[in-house]
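Residue numbers (the UniProt record's numbering): 1 to 49. Idealized CB from N, CA, C, for every residue including glycine.
Okay, here's the thing in structure tokens:
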């Protein structure tokens with residue numbers, strides 16, 4: 001594996017803190033509109049391994 005990625009809801013602050021602690025970088029600072037099933041926004045995080 002050379003790249004890991006994860007999506008995190010923009011309103012889930014604990015998950016954002018954890019994923020950033022693990023070294024992931026936010027690729028979508030404005031969020032991805034209507035990404036979640038309830039049309040909520042999400043961030044895309046990635047980490048190059």
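Own chain, CB closer than 6 Å to residue i, minus 5 neighbours either side, in chain order
i, result
"residue 31", "10, 41, 43"
"residue 35", "42"
Boundaries of the alpha helix (DSSP H) in which residue i is found, first to last residue
i, result
"residue 19", "13 to 21"
Endpoints, beta strand (DSSP E) assigned at residue i
i, result
"residue 41", "Careful: residue 41 lies outside any beta strand (DSSP E) and carries neither H nor E."
"residue 7", "3 to 9"
Beta carbon of residue i nearer than 8 Å to that of residue j
i, j, result
"residue 46", "residue 25", "yes"
"residue 19", "residue 8", "yes"
Sequence-distant residues of its chain with Cβ nearer than 8 Å to residue i (five each side left out)
i, result
"residue 50", "Nothing about residue 50 can be reported from this structure: the residues present for the chain run from 1 to 49 only."
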